[in-house]
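Data first, discussion second: the structure below is written as structure tokens.
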Amino acid sequence: MSAMGTLAFDEYGRPFLILKDQERKTRLMGLEALKSHIMAAKAVANTLKTSLGPNGLDKMMVDKDGEVTVTNDGATILNMMDVDHQIAKLMVELSKSQDDEIGDGTTGVVVLAGALLEQAEQLLDRGIHPIRIADGYEQAARIAIEHLDKISDSFPVDPQNIEPLIQTAKTTLGSKVVNRCHRQMAEIAVNAVLTVADMERKDVDFELIKVQGKVGGRLEDTQLVKGVIVDKDFSHPQMPKELKDAKIAILTCPFEPPKPKTKHKLDVTSVEDYKALQKYEKEKFEEMVKQIKDTGANLAICQWGFDDEANHLLLQNELPAVRWVGGPEIELIAIATGGRIVPRFCELTPEKLGFAGIVREISFGTTKDRMLVIEQCQNSRAVTIFIRGGNKMIIEEAKRSLHDALCVIRNLVRDNRIVYGGGAAEISCALAVSEAADKCPSLEQYAMRAFADALEVIPMALSENSGMNPIHTMTEVRARQVKENNPALGIDCLQKGTNDMKQQHVIETLIVKKKLFLIFSLQQKGIALVQSSDVKYTYSVNDYFPAHIYTHIFVLISMRNSENKKNDHPCKLNSTYCVFHLM
């Protein structure tokens, strides 16, 4: 243990190691530490840059179990990456926060973050303090957001005219694996959101939209069901495969004889005792079946299972049933059918039954897989998107693609203002920030110009991924924006012959662009504050421990004694310790 440090325990009994100065493996300070962090962030950003835009490349990810995932979704790629560097982990969290908050723009936010850090590295080489860089970035982000409000247009969100919304969803799906049937997928996404949307409150409850997938068929077989699909079948093969005007008892209580609450033991010493026990169980099952029938229910959906004897009694009493239905499905069925979840049999009443116009069992080809479809429900706002595909990988990627499209339509319902894509908004904001930087008298003007240069990385990446010369294409579009005063001019990634994104109907929601600038400006401010503090060290302890066995690093600095206070240096270090809290 002496070779690794001193073992100690805190007040809670948790062990930690104290590594002294001479036992430290690597020490990076000042500009070297900052560049190390920036290099890690740039590595993550460069990984995602080639996945940006409609011509972006997919990434093949293989997990530790050998399962393959092919996707160009930024949040998914970063979530599956094995990242050890702490700053790289911040980039992963940055993408995750964008995905959780907005649901779109996860790749763009990381690419922009990497570009901003790359520009910051050049400013650091010129001797500009990280705090001044962060302040300049914050001012530039505020100017860019104000400019977005000026160049934004209002987008019509009308349930009677959904074609503009479909075109918007097609833009989102154009870079996904489902692009060969993106018109159909866009219609499904738009209809799903408008079905559950509350247009008066401008809100969309995603809990009412369930996305279900089943291997088999083609992507073109994907459909929107106005109801609920459950990956279960009727409990007995002789039960009817279709029920009309179903009155549903939704049970979360066990379908079995009641058991004592206390610990007990039952001794069966003879055949007569066994038969008496069997008779008691049968009577209880019959009583429970009769109780369900007396309420008027003709279908029982149970969260728990029941044995073959109870199943046979249900068949004899012509009461179809479904068992082992998951908790989320139970809740969705209750919402869709207008029923109440019954936790105890004694609470079952006719008023708590749900209603559905039709409940049918569907099968898939020659396989034994079956699913239940509950349609024509009392609450028609609950919908299910049923995805088909050749394999599990295609279905999972289709789910991610539809999630992005659903989020875009939801954002338009919440705020119907849009800006134009293809890098048009970034180029226009870069011009506005550069103009403001020329009027800034302070040192932050350099950071503001760096922010403007970083914004242009997005259109340059789009042009590069489309096989065009990025610098030539970017400068040409920027010059045309200035000359024609048209903020809708962007990169013609699809080679349609025009750079006007308004004519191509390539749009992005304003809320996504605003959050993209806001999230990173806050993140950058936090990174700069941490990195420009008195602690400027990076420690490498991988020779001693794997990266995952410690959770927190605290650097304890003992300040100079009172005699050193007369020295010119404001913060002279006496000794340094690195403390690792072990898991």
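Going by our numbering, the sequence shown opens with residue 102, and the numbers climb by one from there. Each residue gets a CB set at the ideal place from its N, CA and C atoms; glycine is no exception.
When you compare each of the options to residue i by their alpha carbons, which one comes out closest?
i    : options                   : result
I351 : N587, A457 and D299       : A457
L556 : D539, Q605, F618 and N570 : F618
L473 : R511, V423 and H504       : V423
E133 : I349, L225, M286 and K394 : L225
F335 : R115, N600, S464 and T574 : S464
A437 : K348, R445, M161 and R302 : K348
T370 : H283, L378 and W405       : L378
A311 : S564, I475, I234 and E585 : According to the sequence as given, residue 311 is Lys; it is not Ala. The candidate whose alpha carbon is nearest that of K311 is I475.
L149 : M162, G175, E168 and S137 : G175
L449 : R518, G397 and A483       : G397
A235 : L217, C530, L249 and D539 : L217
R489 : Q268, V316, L179 and A290 : V316
L590 : G598, Q596 and V578       : V578
Q604 : K143, D593 and A531       : D593
E308 : E301, L191, I232 and E430 : E430
K342 : H606, R501, L563 and P421 : P421
V193 : A241, A141 and K614       : A141
I330 : L563, G427, R441 and D539 : G427
A531 : L507, I608 and P560       : P560
L400 : I139, K345 and I232       : K345
Q479 : A435, T485, N600 and Q324 : A435
K616 : V558, N512 and N566       : N512
I393 : N418, N587 and V520       : N418
V279 : K303, A499, R518 and R227 : A499
K143 : K366, E239, N570 and V558 : V558
I519 : P571, T610 and P451       : T610
D470 : A506, H573 and G314       : G314
Along the beta strand (DSSP E) that carries residue i, what are the first and last residues, could you check?
i    : result
R518 : R518 to Y521
Q477 : R471 to C478
L325 : Q324 to V326
V312 : I310 to V316
S543 : Taken as a continuous stretch (DSSP letters only), S543 belongs to no beta strand (DSSP E), as it is neither H nor E.
E452 : Premise fails: E452 is in no beta strand (DSSP E) and is neither H nor E.
A709 : Lying outside 102 to 684, the shown extent of the chain, residue 709 is not represented and no answer is given.
E609 : I608 to T610
A589 : That residue, A589, is in no beta strand (DSSP E); it is neither H nor E in DSSP.
L108 : T107 to F110
Alpha carbon to alpha carbon, how far is residue i from residue j?
i    : j    : result
V211 : L195 : 7 Å
I658 : I244 : Bear in mind that a pLDDT of 27 at I658, under 50, signals an unreliable position, so the number given afterwards is only what the model happens to contain. Using only the alpha carbons, I get a separation of about 40 Å.
H504 : A533 : 33 Å
I459 : I612 : 40 Å
Y113 : I188 : 29 Å
T269 : R581 : 25 Å
R281 : E321 : 9 Å
K136 : A553 : 21 Å
W405 : P444 : 11 Å
L683 : L213 : Any answer about L683 is weak, because its pLDDT of 34 lies below 50 and its placement is not dependable; what the coordinates show is given next. Rounded to the nearest angstrom, the two C-alpha atoms are 35 Å apart.
A537 : R550 : 9 Å
T353 : G440 : 13 Å
R233 : Q546 : 10 Å
D247 : F256 : Note on identity: in this sequence residue 247 is Glu, with Asp being the wrong assignment. Computed Cα separation, rounded: 19 Å.
P358 : E432 : 25 Å
W425 : K333 : 8 Å
S529 : I203 : 22 Å
V258 : A411 : 52 Å
F481 : T177 : A small correction: the amino acid at residue 481 is Ser; Phe does not occupy that position in the sequence shown. Their backbone Cα atoms lie some 32 Å apart in a straight line.
V291 : L266 : 7 Å
K303 : V514 : 6 Å
K584 : Q240 : 26 Å
E452 : I442 : 11 Å
Could you tell me whether the Cβ of residue i comes closer than 8 Å to any Cβ of chain B?
i    : result
A422 : Absent from the structure: chain B. Only one protein chain is present.
Contact check, residue i vs residue j under 8 Å by CB: the rounded distance?
i    : j    : result
M181 : D201 : The Cβ separation is near 17 Å, so there is no contact.
L414 : E387 : 6 Å
V171 : D183 : Going by Cβ atoms, the distance from V171 to D183 rounds to 18 Å, so no, they are not a contact pair.
T107 : L153 : The pair is not a contact, with the Cβ atoms about 49 Å apart (cut-off 8 Å).
N173 : S276 : 6 Å
G237 : A548 : 2 Å
I608 : T296 : Wrong, their Cβ atoms sit about 23 Å apart, outside the cutoff.
G522 : M602 : 6 Å
Which residues bound the alpha helix (DSSP H) around residue i?
i    : result
A435 : G428 to T438
I488 : Premise fails: I488 lies in the beta strand (DSSP E), V484 to G490, not in any alpha helix (DSSP H).
T148 : L132 to K150
Q604 : M602 to Q605
Every unbroken beta strand (DSSP E) inside the stretch 159–241 [3 residues or more]: 160–163 and 169–172
Write down every uninterrupted run of the beta strand (DSSP E) in the stretch 271–314 whose length is 3 residues or greater and which is fully enclosed by it, in chain order. none
Length at least 4, wholly inside the stretch 359–409: the alpha helix (DSSP H) runs in chain order: 372–395
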